[in-house]
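Enquirer:
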Amino acid sequence: MPLNLIGKFALRMGAVAAVALLVGCATPPPADDPEAKADFDQLNDPLEPTNRAIFSFNEGVDKILLKPVAQGYRYVVPPFGRDRVNDFLDNLKSPLYLGNDLLQGNVGNAGITLSRFALNTTFGVLGIMDVADPMGLPGHQSDFGQTLGVWGVGEGPYLVLPLFGPSNPRDTTGIAVEWFADPVDIYLEDQHMKWLSWTRTGVSAVALREQYLDVLDDVKRTSLDYYSAMRSLYRQRREAQINNGKDPSKYAPPPKSVMDHKPAPQKAASFE
Amino acid sequence: MFRRTLIKAAFALGFAATLLPFGGARADGPDAGAFIEKLADTAINTVADKQLAETERDERFRTLFVSSFDLPTIGKFVLARYWKTATPEQQQEFLKLFEDQVVLTWAKRFKDYSGEKLKVLGNNKEDDHTWVVDSQITREKGPPIPVQWRLHDSADGNFRITDIIVEGVSMAITQRQDFASTMQGIGGKMDSLLSAMRTKVDQLKAAG
Chain C
-11 MPLNLIGKFA
-1 LRMGAVAAVA
9 LLVGCATPPP
19 ADDPEAKADF
29 DQLNDPLEPT
39 NRAIFSFNEG
49 VDKILLKPVA
59 QGYRYVVPPF
69 GRDRVNDFLD
79 NLKSPLYLGN
89 DLLQGNVGNA
99 GITLSRFALN
109 TTFGVLGIMD
119 VADPMGLPGH
129 QSDFGQTLGV
139 WGVGEGPYLV
149 LPLFGPSNPR
159 DTTGIAVEWF
169 ADPVDIYLED
179 QHMKWLSWTR
189 TGVSAVALRE
199 QYLDVLDDVK
209 RTSLDYYSAM
219 RSLYRQRREA
229 QINNGKDPSK
239 YAPPPKSVMD
249 HKPAPQKAAS
259 FE
Chain R
602 MFRRTLIKAA
612 FALGFAATLL
622 PFGGARADGP
632 DAGAFIEKLA
642 DTAINTVADK
652 QLAETERDER
662 FRTLFVSSFD
672 LPTIGKFVLA
682 RYWKTATPEQ
692 QQEFLKLFED
702 QVVLTWAKRF
712 KDYSGEKLKV
722 LGNNKEDDHT
732 WVVDSQITRE
742 KGPPIPVQWR
752 LHDSADGNFR
762 ITDIIVEGVS
772 MAITQRQDFA
782 STMQGIGGKM
792 DSLLSAMRTK
802 VDQLKAAG
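If you read the protein sequences in the order shown, they are chains C and R. With the numbering used here, you'll find the first sequence wraps up at 260, consecutive numbering, no jumps. With the numbering used here, you'll find the second sequence wraps up at 809, consecutive numbering, no jumps.
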């Protein structure tokens, strides 16, 4: 994940949160209310009170710092410039993508990642231009949390991490592993240019937030409970990414729904 | 320039193709994919029609939306176990507010429309009455966004949408969990939920 800069800080915050977790557990519904119990299990959020507290903390940081900076960045830098920044940052993650593609046993994706890295780093001038995409090699992202999921590791209970946001034990492990294993960071540290890693993380955070400005505003505007909508979106999205990691060649079947699919009695659409 | 022409040609072809299944009965049954193509086309034409007054456009969008989606079925699914315990009046008001909320949400999303294209890729039958249409939205820049549509047939053999799944995220399930959480927070009181929905609908209307 791209937020390495705040990673150190976040780990410390995480330690604090871990203590809080022991305290802030949601009260499970009484056993004699099976429907409430089913809801509770479905939402997979036994630490909800703590998660909500961290979520509000993150919201506060976002409101006073990250979002205004991202908005300023969007205002100042034209789309073309932002595309260059995004392409460059994405190219820097190629070694991680490649490693995860291989760990997922996905040789096809690994080949694409490798070709993209070669093309974009050379013809794309150190990655600032994604020249591979128009050549029919579109990019994809893969991360270690997803790899664990492909291997069959379950998500565990939903977690909200300080600054990183929605997660779970599996994906938190993924973030930690990538933080230590990123070849680009290891190289920079070796060259005594650790500050570049930090700069990269800061820029990544702002660039990522800029990409999500409209989507998150939309979710906030349209949901009754923003926290719950984010939880639902995160869990479904990760599930889809893992299914996609297993078999990217086809559309995974959509989540099963228990919706009543009897023929609708109403008058049908006519488009008139 | 050439690319633009190509896109136009492809779009025209796609449009023509959508007309075929509606021309008459087909041996292999109704085509859910064509239904989605035609719906996307009509929706885009409606929101892009600058000749129309704002209120007229909103009205047409709502009519199209309400006639293409099975909102009562989605609403019941979203309210889940609280549907059964609600009074008929509460159910009535819930469905009305739910319609407002969903229509206003999507009307706003369509107002931000900037030339994306919907391409139908295929269509799978889930069971006797349910289909899933695979499609993708292509943009000027960036990878296409996978979108799946779940539909069922109505009594007269036509279709109604019951869910949209964007990049693996089901809108119906997201809303169901949003409502379940909200209900948890307010002790399962239907009247409190309706009042929260009224507030939300007012906010959406104000945001236009």
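Every residue, glycine too, gets a C-beta built ideally from N, C-alpha and C.
Within 10 angstroms of the Cβ of D754(R), are there 16 or more other Cβ atoms? Answer buried if so, exposed if not.
Expert: It is buried - the Cβ of D754(R) has at least 16 other Cβ atoms within 10 Å.
Enquirer: Can you tell me whether Y139(C) is helix, strand or coil according to DSSP?
Expert: Reading the sequence as shown, one finds Trp at residue 139(C) and not Tyr. Coil at W139(C), not helix or strand.
Enquirer: Report back the beta-carbon spacing between L705(R) and V802(R) to the nearest angstrom; my notes put them in contact at under 8 angstroms.
Expert: Sure, about 7 angstroms apart at Cβ, within 8 angstroms.
Enquirer: Given this structure, state the Cα-to-Cα distance separating Q692(R) from M784(R), to the nearest angstrom.
Expert: Looking at the two C-alpha atoms, the distance is approximately 15 angstroms.
Enquirer: Sort out for me which residues DSSP pairs Q749(R) with in a bridge.
Expert: Q749(R) is bridged to D735(R), I766(R).
Enquirer: Going by DSSP, which residues form a beta bridge with K720(R)?
Expert: BP columns for K720(R) point to Q737(R).
Enquirer: Output yes if chain B places a C-beta closer than 8 angstroms to the C-beta of Q778(R); else output no.
Expert: Included in the structure are the protein chains C and R, with no chain B among them.
Enquirer: Unbroken beta strand (DSSP E) runs of length 3 or more, entirely within the stretch 30 to 85 of chain C: which are they?
Expert: You should have found no qualifying run.
Enquirer: Are at least three pairs of beta-carbons, each pair with one atom in the stretch 72 to 90 of chain C and one in the stretch 125 to 135 of chain C, less than 8 angstroms apart?
Expert: Flag = yes, the stretch 72 to 90 of chain C and the stretch 125 to 135 of chain C touch.
Enquirer: Leaving out the 5 sequence neighbours to the left and right, which residues in its chain are closer than 8 angstroms to M772(R) when beta-carbon positions are compared?
Expert: So the list reads D764, I765, I766, once near-sequence residues are dropped.
Enquirer: Taking all protein chains shown into account, decide if L10(C) is buried (16 or more other Cβ within 10 angstroms of its Cβ) or exposed.
Expert: Residue placement at L10(C) is poorly supported in this model, since its pLDDT is 48, which falls under 50; the coordinates still yield a value, given next. The residue is exposed, with fewer than 16 neighbouring Cβ atoms inside 10 Å.
Enquirer: According to a CB-to-CB cut-off of less than 7 angstroms, which residues of the stretch 642 to 659 of chain R neighbour chain C?
Expert: Flagged, chain order: T643.
Enquirer: Would you say A635(R) reaches chain C, if we count a Cβ-Cβ gap shorter than 8 angstroms as a contact?
Expert: No, no contact with chain C.
Enquirer: Using the three-state DSSP reduction, which class does A626(R) fall into: helix, strand or coil?
Expert: Any reading at A626(R) is ruled out, since the residue's pLDDT is 35, under 50, leaving its predicted position unreliable.
Enquirer: To the nearest angstrom, how far is it from the Cα of E741(R) to the Cα of E717(R)?
Expert: If I take the Cα positions, the gap works out to 7 angstroms.
Enquirer: Quick check on E198(C): buried or exposed, where buried means 16 or more other Cβ atoms within 10 Å of its Cβ?
Expert: Answer is buried; the Cβ neighbour count reaches 16.
Enquirer: I'd like to check one pair, E694(R) with L795(R): are the Cβ atoms closer than 8 angstroms?
Expert: In contact: L795(R) and E694(R) (Cβ atoms closer than 8 angstroms).
Enquirer: If you pair each beta-carbon of the stretch 110 to 122 of chain C with each one of the stretch 136 to 153 of chain C, do three or more pairs fall below 8 angstroms?
Expert: No, because fewer than three Cβ pairs between the stretch 110 to 122 of chain C and the stretch 136 to 153 of chain C fall closer than 8 angstroms, the two stretches do not touch.
Enquirer: What residues of chain C sit near T688(R), judged by a beta carbon separation below 9 angstroms?
Expert: The contacting residues do not exist; T688(R) stays about 18 angstroms from chain C at best.
Enquirer: Measure the Cβ-Cβ separation of Q224(C) and T775(R) and say whether it is below 8 angstroms.
Expert: For Q224(C) and T775(R), yes; Cβs fall inside 8 angstroms.
Enquirer: Pick from Q652(R), G789(R), P689(R): whose alpha carbon is nearest that of E23(C)?
Expert: Checking every option, the nearest Cα to that of E23(C) belongs to G789(R).
Enquirer: Between which residues of its own chain and I230(C) is the CB-CB distance below 8 angstroms, once the five residues before and five after are set aside?
Expert: Within the same chain, I230(C) has close Cβ partners Q134, G137, V138.
Enquirer: Give a yes or no on whether the minimum CB-CB distance between L136(C) and chain R is below 8 angstroms.
Expert: It does not: the Cβ of L136(C) has no partner Cβ on chain R nearer than 8 angstroms.
Enquirer: Can you pull out the residues from the stretch 22 to 37 of chain C whose beta carbon lies closer than 7 angstroms to at least one beta carbon of chain R?
Expert: Here the close residues are E23, D27, L31.
Enquirer: Suppose contacts are defined by Cβ-Cβ distances below 8 angstroms. Is T739(R) in contact with P745(R) by that definition?
Expert: In this structure, P745(R) lies closer than 8 angstroms to T739(R) by Cβ.
Enquirer: Taking the alpha-carbon of S782(R) as reference, which of I116(C), P18(C), S211(C), D20(C) has the nearest alpha-carbon?
Expert: It is S211(C).
Enquirer: What does the alpha-carbon distance come out to for the pair D78(C) and G190(C)?
Expert: Cα to Cα, the separation comes out at about 14 angstroms.
Enquirer: Nearest to Y146(C) by alpha carbon, out of A106(C), T101(C), T38(C)?
Expert: The shortest Cα separation from Y146(C) among A106(C), T101(C), T38(C) belongs to T38(C).
Enquirer: Below 8 angstroms on the Cβ atoms is my contact criterion, and I expect S715(R) with I637(R) to pass it. Report the Cβ-Cβ distance as a whole number of Å.
Expert: The pair is not a contact, with the Cβ atoms about 20 angstroms apart (cut-off 8 angstroms).
Enquirer: Work out the CA separation of F780(R) and L805(R) for me, nearest whole Å.
Expert: Cα to Cα, the separation comes out at about 17 angstroms.
Enquirer: To the nearest angstrom, how far is the alpha carbon of W810(R) from that of R799(R)?
Expert: The requested residue 810(R) is not part of the displayed model; chain R covers only 602 to 809.
Enquirer: Report the CB separation of P157(C) from N46(C) in whole angstroms; it is logged as a contact under 8 angstroms.
Expert: Rounded, the Cβ-Cβ distance is 18 angstroms, inconsistent with contact.
Enquirer: How about L672(R) and E700(R): do their beta carbons lie closer than 8 angstroms?
Expert: Their beta carbons are under 8 angstroms apart, which means L672(R) touches E700(R) by this criterion.
Enquirer: Could you tell me if N724(R) is buried or exposed, where buried requires 16 or more neighbouring beta carbons within 10 angstroms of its beta carbon?
Expert: The residue in question, N724(R), is buried, as its Cβ has 16 or more Cβ neighbours within 10 Å.
Enquirer: Identify the residues that DSSP records as bridge partners of L147(C): which are they?
Expert: Note: L147(C) sits in a beta bridge opposite S155(C).
Enquirer: Alpha carbon to alpha carbon, how far is A58(C) from Y200(C)? Give it in angstroms, no decimals.
Expert: Approximately 9 angstroms, taken between the alpha carbons.
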